[in-house]
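Asker: Before I ask anything, here is the structure I am working with.
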Amino acid sequence: MFRSRLLMAVSLMFWSTTAALAQQLSGSDLRTLLSGQTIHLSAPFGSLPIEYSQDGSMVARSAVMAIFSGIYEDRGLWRIEGDRFCQQWTTWNEGHEQCFTVHRRNDTLLWESNDGMTGTAQASN
Numbered sequence: 158m159f160r161s162r163l164l165m166a167v168s169l170m171f172w173s174t175t176a177a178l179a180q181q182l183s184g185s186d187l188r189t190l191l192s193g194q195t196i197h198l199s200a201p202f203g204s205l206p207i208e209y210s211q212d213g214s215m216v217a218r219s220a221v222m223a224i225f226s227g228i229y230e231d232r233g234l235w236r237i238e239g240d241r242f243c244q245q246w247t248t249w250n251e252g253h254e255q256c257f258t259v260h261r262r263n264d265t266l267l268w269e270s271n272d273g274m275t276g277t278a279q280a281s282n
């Protein structure tokens with residue numbers, strides 16, 4: 158338990174330092190970044206491509222997510238709230254909404270969710 162908390166604390170310190178060197182995206186920037194685009198979320202099992210439609214819907218397909226959730230493809234909704242974007246899957250994440258702040262460092266997106274999770278992603282060109 159102590160070890161996992163220490164690892165989480167070190168990860169958050171690293172992310173905070175890295176994010177400080179990057180530009181936080183505004184709500185307008187996020188809308189431009191996401192609308193009609195595919196974002197490749199970096200995950201321990203590889204890349205998870207998420208397609209964000211201009212109408213606020215999203216879809217992703219993942220064989221690995223199917224192992225954990227029993228669902229290969231999930232759909233949901235996304236929206237902009239201030240300088241964060243929020244998304245809610247139908248099944249994944251138990252259907253709970255998550256909101257994210259996003260920083261950009263060169264071609265890498267650094268995200269932090271409202272529950273403290275952090276990670277990286279890449280936008281398709």
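The sequence shown begins at 158 in our numbering and counts up one residue at a time. Backbone N, C-alpha and C define an ideal beta-carbon position, used for all residues, glycine too.
Is D186 helix, strand or coil by DSSP?
Answerer: helix
Asker: Starting from M215 and walking both ways along the beta strand (DSSP E), at which residues does that stretch end?
Answerer: 214-218
Asker: Between which two residues does the beta strand (DSSP E) containing L267 stretch?
Answerer: Its beta strand (DSSP E) spans residues 265-270.
Asker: Roughly how many angstroms separate the alpha carbons of I196 and A280, rounded to a whole number?
Answerer: 5 Å
Asker: For M215, which option in N271, E230, V259 has the closest C-alpha, if you only look at C-alpha atoms?
Answerer: E230
Asker: For M165 and S185, I'd like the C-alpha separation in whole angstroms.
Answerer: Because the pLDDT of M165 is 48, which lies under 50, any placement of that residue in the model is unreliable, and the question is left without a value.
Asker: Which of helix, strand or coil does DSSP assign to E254?
Answerer: Three-state result, E254: coil.
Asker: Hey, could you find the ends of the beta strand (DSSP E) I237 is sitting in?
Answerer: Element bounds for I237: 230-238.
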